[in-house]
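Colleague: Counting in UniProt numbering, the sequence shown runs from 1 upward without gaps. We treat Cβ as the ideally placed atom computed from N, Cα and C, and that holds for glycine. Predicted model only: the values in this text are computed from it and were never measured.
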Amino acid sequence: MKPENYPQTPSHLWEHFYQITQIPRPSKAEAAVRQYVIDRAEARGCRWQADAVGNVVVYVPASPGMEASGTVIIQNHLDMVTVKTEDKAHDFDRDPLQLRVEDGWLKADRTTLGADNGIGCAAALAVMTDDSVQHPPLELLFTVDEETGLGGARELDAGMLSGDRMLNLDTEDWNELYIGCAGGGGWTFTRGFATEAAADGLAGFHLNLKGLAGGHSGIQIHEQLGNAIKLLVDVLQGVEGLRLGGIAAGVAHNVIPREGDVYFACPAEAAPALEARLDTLSGHWRGYLPAADHGLEAALAPWRAESLLSAADSAAVLDLLAVFPHGAQSYNLAQPADLVDLSINLARVELAAGELFIESSFRFFNADQAQPLRRAVESLARLAGLEVHPMAGYPGWQPDFTSALLAQGKALHRRLFDVEPAVKAIHAGLECGLLKSKKPDVDILSFGPTIRGAHSPSERLQIDTVPPFWQLLTALLAEM
1 MKPENYPQTP
11 SHLWEHFYQI
21 TQIPRPSKAE
31 AAVRQYVIDR
41 AEARGCRWQA
51 DAVGNVVVYV
61 PASPGMEASG
71 TVIIQNHLDM
81 VTVKTEDKAH
91 DFDRDPLQLR
101 VEDGWLKADR
111 TTLGADNGIG
121 CAAALAVMTD
131 DSVQHPPLEL
141 LFTVDEETGL
151 GGARELDAGM
161 LSGDRMLNLD
171 TEDWNELYIG
181 CAGGGGWTFT
191 RGFATEAAAD
201 GLAGFHLNLK
211 GLAGGHSGIQ
221 IHEQLGNAIK
231 LLVDVLQGVE
241 GLRLGGIAAG
251 VAHNVIPREG
261 DVYFACPAEA
271 APALEARLDT
281 LSGHWRGYLP
291 AADHGLEAAL
301 APWRAESLLS
311 AADSAAVLDL
321 LAVFPHGAQS
331 YNLAQPADLV
341 DLSINLARVE
351 LAAGELFIES
361 SFRFFNADQA
371 QPLRRAVESL
381 ARLAGLEVHP
391 MAGYPGWQPD
401 FTSALLAQGK
411 ALHRRLFDVE
421 PAVKAIHAGL
431 ECGLLKSKKP
441 DVDILSFGPT
451 IRGAHSPSER
461 LQIDTVPPFW
471 QLLTALLAEM
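Next up, the structure:
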């Protein structure tokens, strides 16, 4: 149900966004939201086309008098990250999001909101359905599977597009114009271990850690948010005789892990020291983690130990996770200190029935700079006896400070709001890099309203940044 205080203006944009939030749209399952786009296009008499992987382009005729203007592409992705708190019952394949407005922010109830990139999709649809908007011929590009590795953009049939100017609406800071983004890559690692039955004299435990903020592994990696995997290892590493039974931590390659579970056994006489260690470390963590992570909770509970790794293999797994790199690796020397040049996210760890699975991803602006990190991680994996499975990478979008579209956007922003917009690159994998590689001559500019906590249950959209975002978008289209 729509909240009573749900925003009203601009009306077309907010209505489309609400409808999008009511349609489940995890990555690789965008059929229903794609159909919503197609239905809106057909209701307006607009032609549309889809490629083999499900990307859709809607062709919107020019407003009267703008037929001779060059075609403009407006690009967004249909899928969303699906993360919830442990206490929230929600099926992202079936359930609509439950929205609420608090202190000027639009949120969802203990789940991701999907403003990344649903608000951009809503804006593109609003341009099509709001007759007051003046615009040149448009190609509204809605891609799929962005959040699991930019799969839709990677496989896009660029022959569906003719425009040579593109507006990407997938950045998250109002009063900022983006002209570059990071590239990326990653891996999964696997290894099988022999297991044994639990021996007498061992006590089984379930260690649960929750309440961290989590977040976007690109745009928030410099915030030094707690990684649940690293904190769990911090508790267990060095416990004499510890034997692992299972691990489950993290949800996706582009999400900083916010919670996790470890199932293990250790000599019964070690249990009191382990409880005391957990209490001590919880205090230490709050001493250096950011305030967003101070809601963390860690608890031990009894567990019936059955199938376990040996003590030596258990120590090897914990040692590997302790030394596995995570976080910002280098910063851009010519830009503000929050622009990271190179980073890595230790994203997921699973151990079940002796089978270990690790997932990690990295981001970069300079592919050459990323090579030593890539080689180091793969060397570490080989030393640990892991099988290395590289994920498909994607290119960055190199900033172009001579862009005509940038100059136009800056001048218009100053004229409309009497504020000089910041010009930035973002340490996240926008689809612009891949799209630029497919259409090298396209001029791209990216902007959006303010979103915080993307890829986490704290995701929220600052409501009062949406009207000026809409004003800039529609004014820019009117003069293109």
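Among the candidates PRO10, THR9, GLU15, whose CA atom is the shortest distance from the CA of MET1?
Modeller: GLU15
Colleague: Between the C-alpha atoms of LEU106 and VAL72, what's the straight-line distance to the nearest angstrom?
Modeller: 30 Å
Colleague: Report the residue from ALA249, GLN220, GLU223, LEU212 whose alpha carbon sits nearest the alpha carbon of ILE229.
Modeller: ALA249
Colleague: Once the 5 residues before and after GLN134 are set aside, which same chain residues still bring their CB inside 6 Å of it?
Modeller: SER63, ALA478
Colleague: Which residue from GLY354, ASP279, ARG375, ALA291 puts its Cα closest to that of PHE324?
Modeller: ARG375
Colleague: If you follow the beta strand (DSSP E) that residue 490 is part of, which residue opens it and which one closes it?
Modeller: Outside the shown range of the chain, which is 1 to 480, sits residue 490, and nothing can be said about it.
Colleague: My output table needs one value for PHE17: the three-state DSSP class, helix, strand or coil.
Modeller: In the structure shown, PHE17 adopts helical secondary structure according to DSSP, grouped into three states.
Colleague: Quick one: which unbroken beta strand (DSSP E) runs of 3-plus residues sit fully inside the stretch 158-208? Chain order, please.
Modeller: As far as the stretch 158-208 is concerned, its whole beta strand (DSSP E) runs of at least 3 residues are 165-168, 176-181, 183-192.
Colleague: Are GLY118 and TRP397 closer than 7 Å when you measure CB to CB?
Modeller: no
Colleague: Can you find the residues in the same chain that come closer than 8 Å, C-beta to C-beta, to GLU30, ignoring five residues on each side of it along the sequence?
Modeller: Contacts found: GLY54, LEU78, ASP79, VAL144, ASP145.
Colleague: Which residue comes first and which comes last in the alpha helix (DSSP H) that contains HIS455?
Modeller: Per DSSP, HIS455 belongs to no alpha helix (DSSP H) and is neither H nor E.
Colleague: Just reading off the beta strand (DSSP E) that MET480 is part of, what are its end residues?
Modeller: MET480 -> no beta strand (DSSP E), and no H or E assigned at all.
Colleague: Could you tell me the distance, in whole angstroms, from the CA atom of ASN175 to the CA atom of ILE463?
Modeller: 14 Å
Colleague: Output the distance between the C-alpha atoms of ALA270 and ILE358, rounded to the nearest integer angstrom.
Modeller: 28 Å
Colleague: May I ask you to list the residues that DSSP assigns as paired with GLN75?
Modeller: LEU141, ASN168
Colleague: According to DSSP, simplified to helix, strand and coil, what is ALA126?
Modeller: helix
Colleague: Below 7 Å CB to CB, which residues in the same chain sit around ASP51 once its five sequence neighbours on both sides are set aside?
Modeller: Correct list, in chain order: LEU156, ASP157, MET160.
Colleague: Identify, in the order they occur along the chain, each residue of the same chain with its Cβ nearer than 7 Å to the Cβ of ALA126, setting aside the five sequence neighbours on each side.
Modeller: PRO10, HIS12, LEU13, HIS16
Colleague: HIS389: which of GLY185, ASP234, GLU172 sits nearest, CA to CA?
Modeller: GLY185
Colleague: Per DSSP, TRP105 forms a beta bridge with which residues?
Modeller: Under DSSP, TRP105 forms a beta bridge with GLU102, GLN462.
Colleague: Work out the CA separation of VAL57 and TRP48 for me, nearest whole Å.
Modeller: 6 Å
Colleague: Using a Cβ-Cβ cutoff of less than 7 Å, which residues in the same chain neighbour ARG94 once the five nearest sequence positions on both sides are dropped?
Modeller: PRO24
Colleague: Would you report the Cα separation of ARG348 and GLU259, rounded to the nearest angstrom?
Modeller: So the two alpha carbons sit approximately 10 Å from each other.
Colleague: Which first and last residues belong to the alpha helix (DSSP H) in which ARG286 is found?
Modeller: It spans 271-288 - the alpha helix (DSSP H) in which ARG286 sits, taken as one unbroken run.
Colleague: Could you pull the start and end residues of the alpha helix (DSSP H) that GLN371 belongs to?
Modeller: 367-383
Colleague: In or out: LEU177 buried (at least 16 other Cβ within 10 Å) or exposed?
Modeller: buried
Colleague: Relative to the C-alpha of ALA199, which candidate in GLY192, GLY104, GLU223, ALA305 has its C-alpha closest?
Modeller: ALA305
Colleague: Leaving out five residues on either side along the sequence, give the residues of the same chain with a beta carbon under 6 Å from the beta carbon of ALA32.
Modeller: ILE23
Colleague: Which value, in whole angstroms, describes the spacing of the CA atoms of LEU320 and ARG40?
Modeller: Here the alpha carbon of LEU320 sits roughly 51 Å from the alpha carbon of ARG40.
Colleague: What residue range is occupied by the uninterrupted beta strand (DSSP E) comprising GLU387?
Modeller: 387-394
Colleague: If you drop the 5 nearest sequence neighbours on each side, which residues of the same chain put their C-beta closer than 7 Å to that of LEU278?
Modeller: VAL235, ALA298, LEU300
Colleague: In this structure, what does DSSP give as the bridge partners for GLU350?
Modeller: ALA248, PHE357
Colleague: If distances are taken between C-alpha atoms only, which option among LEU308, LEU461, THR129, GLY201 comes closest to GLY45?
Modeller: THR129
Colleague: With 16 as the cutoff for other CB atoms within 10 Å, does TYR36 come out buried or exposed?
Modeller: buried
Colleague: Per DSSP, ASP293 is paired with what?
Modeller: Answer by DSSP bridge pairing: none, since ASP293 is not bridged.
Colleague: Looking at the unbroken beta strand (DSSP E) that takes in GLN237, where does it start and where does it end?
Modeller: Taken as a continuous stretch (DSSP letters only), GLN237 belongs to no beta strand (DSSP E), as it is neither H nor E.
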